[in-house]
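J.: Take this structure, written in structure tokens, and hold onto it; I'll ask about it next.
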Amino acid sequence: MTKHPARKDPKARRTRREGLRTAGIVALAGAAGIVGTAAGVKYLRTHDIPQVVQLSALVVPPREPVQAVERTPSVRPGPDAADLMERGRTAESRAEHDVAFAAYEAAARRPADEPPPLPDRLEALARAAGAVDRPGIAVDSLRTALFRLEEARDTSTDLAAHHAHRARLLAALAEAALANGDVGLAVRTAAEAGEAADAATSAGAALTSLLPAQARALAVQQQAEGVRGDTAAAIRAGERALDIVKRQSGARSPDAARRMEDLARLYARAGRVEDALALNAEALSIAEEDPNVDRSTLVTGHNNLAEAWRAAQKPDMARPHYRRAIEIAQEGPATAADAAVPMNNLALLELAAGNRLAAEKLFVDALALARDTLGPEHETTARLRENAINFYKRIGRWDMARTLETPETGG
Numbered sequence: 001m002t003k004h005p006a007r008k009d010p011k012a013r014r015t016r017r018e019g020l021r022t023a024g025i026v027a028l029a030g031a032a033g034i035v036g037t038a039a040g041v042k043y044l045r046t047h048d049i050p051q052v053v054q055l056s057a058l059v060v061p062p063r064e065p066v067q068a069v070e071r072t073p074s075v076r077p078g079p080d081a082a083d084l085m086e087r088g089r090t091a092e093s094r095a096e097h098d099v100a101f102a103a104y105e106a107a108a109r110r111p112a113d114e115p116p117p118l119p120d121r122l123e124a125l126a127r128a129a130g131a132v133d134r135p136g137i138a139v140d141s142l143r144t145a146l147f148r149l150e151e152a153r154d155t156s157t158d159l160a161a162h163h164a165h166r167a168r169l170l171a172a173l174a175e176a177a178l179a180n181g182d183v184g185l186a187v188r189t190a191a192e193a194g195e196a197a198d199a200a201t202s203a204g205a206a207l208t209s210l211l212p213a214q215a216r217a218l219a220v221q222q223q224a225e226g227v228r229g230d231t232a233a234a235i236r237a238g239e240r241a242l243d244i245v246k247r248q249s250g251a252r253s254p255d256a257a258r259r260m261e262d263l264a265r266l267y268a269r270a271g272r273v274e275d276a277l278a279l280n281a282e283a284l285s286i287a288e289e290d291p292n293v294d295r296s297t298l299v300t301g302h303n304n305l306a307e308a309w310r311a312a313q314k315p316d317m318a319r320p321h322y323r324r325a326i327e328i329a330q331e332g333p334a335t336a337a338d339a340a341v342p343m344n345n346l347a348l349l350e351l352a353a354g355n356r357l358a359a360e361k362l363f364v365d366a367l368a369l370a371r372d373t374l375g376p377e378h379e380t381t382a383r384l385r386e387n388a389i390n391f392y393k394r395i396g397r398w399d400m401a402r403t404l405e406t407p408e409t410g411g
């Protein structure tokens with residue numbers, strides 16, 4: 001088990017992680033956001049909000065990874081590793097993430113000769129660490145798991161299984177590294193995961209068994225290359241990820257739709273407007289056919305397609321989708337806050353069309369909705385407030401801009 005790094009301030013860490021995972025939508029001045037990959041993430045946390053003025057892109061500089069240090073597990077009385085692992089799995093099934101983390105952490109400290117194998121225990125610990133927002137622990141655990149896996153390579157009688165396991169661990173490490181802000185390590189390990197998957201295939205492993213690890217690694221590579229500003233590399237990774245997910249889950253599966261939306265944002269960033277439109281339209285079509293689709297997914301789909309039409313400079317095609325996104329969001333209290341983003345984006349469209357009164361109402365309504373449902377300190381509220389301030393400055397309403405800039409009155 002590796003020595004845990006000093007735990008940073010949770011709020012600062014969460015901000016950095018969410019910044020990396022935020023999916024940008026085409027901004028008014030051409031600013032593009034970061035591609036999100038995690039499935040099932042809340043709409044407002046995975047979609048950036050275009051700004052009235054262009055913002056500087058947030059890029060986390062690569063840093064050299066710190067080598068994991070082996071620590072000999074101490075033998076203690078109490079439950080053995082197998083019992084602790086079962087306790088962790090039960091807690092995970094109940095979404096009791098803190099309990100699962102504690103159980104897996106205790107299992108990882110048990111002697112290495114206890115079943116199940118230590119790499120499996122460390123992999124479970126890394127998964128639980130990610131669920132409780134401790135990506136540094138996940139990174140260290142996965143590094144150690146890979147080290148122990150390589151130690152056993154010479155005695156392994158099934159090289160295909162060995163390489164497949166290594167591909168899975170490397171894909172998980174790439175994901176954890178990205179969440180931990182280490183973009184360089186994420187890119188390197190994502191590439192290594194692909195190489196390990198190829199080695200497993202060459203050794204006789206079934207290709208279908210490797211698809212999840214390959215898709216996971218490519219999704220990380222797509223996101224990391226987007227953060228580094230290499231849109232072409234991100235698109236290549238995104239196209240391969242979409243192809244794999246289609247083979248794994250089906251061409252019109254919800255997973256495929258999410259990959260389409262991610263890739264569409266990259267196409268938009270690269271100026272491939274028609275390609276972005278086609279993918280966003282297909283993703284929305286898949287969502288509308290799904291009887292189990294949640295309301296937030298439909299809001300996302302309509303908003304994304306509207307953004308693609310806005311980028312294509314066809315506002316009359318964009319407006320109906322913005323309005324439909326707002327309507328769907330307001331159908332239930334659980335998604336009411338989701339309406340703030342399409343409101344904001346429709347305001348940008350109306351502003352560009354010269355409809356200042358309509359734009360002002362939408363900016364103000366979006367800010368009020370976010371303030372009331374998310375709170376005045378929420379990241380989304382702050383971005384919407386900034387947009388409203390910039391709008392008033394742009395039209396020369398300095399009194400209103402100053403009012404919003406004052407914490408006591410601006411929300």
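Under full-length UniProt numbering, the first residue of the sequence shown carries the number 1, and numbering increases by one thereafter.
Even for Gly, the Cβ is constructed at its ideal location relative to N, Cα and C.
Starting from Gly88 and walking both ways along the alpha helix (DSSP H), at which residues does that stretch end?
T.: Element bounds for Gly88: Ala81 to Ser93.
J.: In chain order, what residues of the same chain have a beta carbon less than 6 Å from the beta carbon of Val220, not counting five sequence neighbours either side?
T.: Taken in chain order, the residues that qualify are Ala174, Glu175, Leu178, Ala186 and Ala190.
J.: Counting beta carbon pairs with one atom in the region 106-117 and one in the region 153-160, are three or more of them shorter than 8 Å?
T.: The region 153-160 vs the region 106-117: no contact.
J.: What is the residue span of the alpha helix (DSSP H) that Val139 lies within?
T.: Taken as a continuous stretch (DSSP letters only), the alpha helix (DSSP H) holding Val139 covers Pro135 to Glu151.
J.: What would DSSP say about Arg272, mapped onto helix, strand or coil?
T.: Reduced to three states, the DSSP call for Arg272 is coil.
J.: Check whether the Cβ atoms of Leu374 and Ala337 lie closer than 8 Å to each other.
T.: Yes.
J.: Do Leu218 and Arg247 have their CB atoms nearer than 8 Å?
T.: It is not a contact, given that the beta carbons lie outside the stated cut-off.
J.: Can you grab the Cα-Cα spacing for the pair Ala308 / Arg259, in whole Å?
T.: So the two alpha carbons sit approximately 16 Å from each other.
J.: Excluding the five sequence neighbours on either side, which residues of its own chain have a C-beta within less than 6 Å of the C-beta of Val41, listed in chain order?
T.: The predicted position of Val41 is uncertain, since its pLDDT is 35 and thus under 50; a value taken from the coordinates is nonetheless stated next. Cβ within range, chain order: n/a, list empty.
J.: Below 6 Å CB to CB, which residues in the same chain sit around Pro135 once its five sequence neighbours on both sides are set aside?
T.: Here the set comprises Ala176, Ala179 and Asn180.
J.: Between Ala264 and Asp83, what straight-line distance do the alpha-carbon atoms span, to the nearest angstrom?
T.: Near 45 Å, if we compare the C-alpha coordinates of Asp83 and Ala264.
J.: Leaving out five residues before and five after Arg310 in sequence, what residues of the same chain have Cβ atoms less than 6 Å from its Cβ?
T.: Same-chain partners within the cutoff: Ala318 and Leu349.
J.: Helix, strand or coil for Glu288 per DSSP?
T.: Helix at Glu288.
J.: In chain order, which alpha helix (DSSP H) runs of at least 4 residues are fully inside the region 201-254?
T.: Those alpha helix (DSSP H) runs which fall completely within the region 201-254 and span 4+ residues are 207-228 and 231-249.
J.: Give me the residue from Asn355, Gly250, Ala347 and Gly354 with the minimum Cα distance to Asp365.
T.: Checked all of Asn355, Gly250, Ala347 and Gly354; the closest Cα to Asp365 is Ala347.
J.: Please report the residue range of the alpha helix (DSSP H) in which Asn355 lies.
T.: Here Asn355 belongs to no alpha helix (DSSP H), and DSSP marks it neither H nor E.
J.: Check whether the region 269-276 touches the region 288-300, taking contact to mean three or more Cβ pairs, one atom from each stretch, closer than 8 Å.
T.: They do not touch, by the three-pair rule.
J.: Have a look at Asn345, Arg394, Gly238 and Asp230 and flag the residue whose alpha-carbon is nearest the alpha-carbon of Val183.
T.: Per the Cα distances, Asp230.
J.: Is Leu142 close to chain C, meaning its C-beta is less than 8 Å from at least one C-beta of that chain?
T.: The question asks about chain C, but that chain is absent: this structure has only one protein chain.
J.: Give the secondary structure of Glu70 by DSSP, where H, G and I count as helix, E and B as strand, and everything else as coil.
T.: Below a pLDDT of 50, predicted positions are generally treated as unreliable, and Glu70, at 45, falls in that range; the measurement from the model is reported next regardless. DSSP places Glu70 in coil when its eight states are reduced to three.
J.: In whole angstroms, what is the alpha-carbon distance linking Ala251 and Arg397?
T.: Those two C-alpha atoms are separated by around 50 Å.
J.: Give the DSSP-derived three-state secondary structure of Ala164 in the structure shown.
T.: Of the three classes helix, strand and coil, the one that applies to Ala164 here is helix, per DSSP.
J.: May I ask you to report which of helix, strand or coil DSSP gives Ile328?
T.: If DSSP states are grouped into helix, strand and coil, Ile328 belongs with the helices.
J.: With DSSP run on the structure shown, which of helix, strand or coil describes Val299?
T.: The answer is helix: DSSP assigns Val299 an H, G or I state.
J.: For Ala167 versus Ala206, is the C-beta distance shorter than 8 Å?
T.: Their beta carbons are not under 8 Å apart, which means Ala167 does not touch Ala206 by this criterion.
J.: If you reduce the DSSP assignment to three classes, tell me which class Lys393 lands in.
T.: Helix, per DSSP.
J.: Rounded to a whole number of angstroms, what is the C-alpha to C-alpha distance between Ile395 and Leu357?
T.: Rounded to the nearest angstrom, the two C-alpha atoms are 11 Å apart.
J.: Buried or exposed: Asp316, going by 16 or more other Cβ atoms within 10 Å of its Cβ?
T.: Per the 10 Å Cβ criterion, exposed.
J.: Buried or exposed for Arg94, going by 16 or more other Cβ atoms inside 10 Å?
T.: That one is exposed.
J.: Does DSSP classify Thr380 as helix, strand or coil?
T.: Thr380: helix per DSSP, three-state reduction.
J.: Taking 8 Å as the threshold (C-beta atoms), are Ala340 and Thr380 in contact?
T.: Contact flag set, yes.
J.: Might you give, ordered along the chain, the residues of its own chain that have their beta carbon closer than 7 Å to the beta carbon of Leu384, omitting 5 neighbours on each side?
T.: Answer for Leu384: Ile49, Ala340, Asn344, Ala366, Leu367 and Ala370, listed in chain order.
J.: Using DSSP with H/G/I as helix, E/B as strand and the rest coil, what is Val364?
T.: In the structure shown, Val364 sits in a helix (DSSP, three-state: H, G or I).
J.: Considering only residues of the same chain and omitting the five flanking positions on each side of Leu122, which have a CB-CB separation below 6 Å?
T.: Only Ala108, Ser141, Thr144 and Ala145 meet the Cβ criterion.
J.: Report all residues from its chain with a CB closer than 7 Å to the CB of Ala237; omit the five preceding and five following residues, and keep chain order.
T.: Around Ala237: Leu218, Gln221, Gln222 and Glu225.
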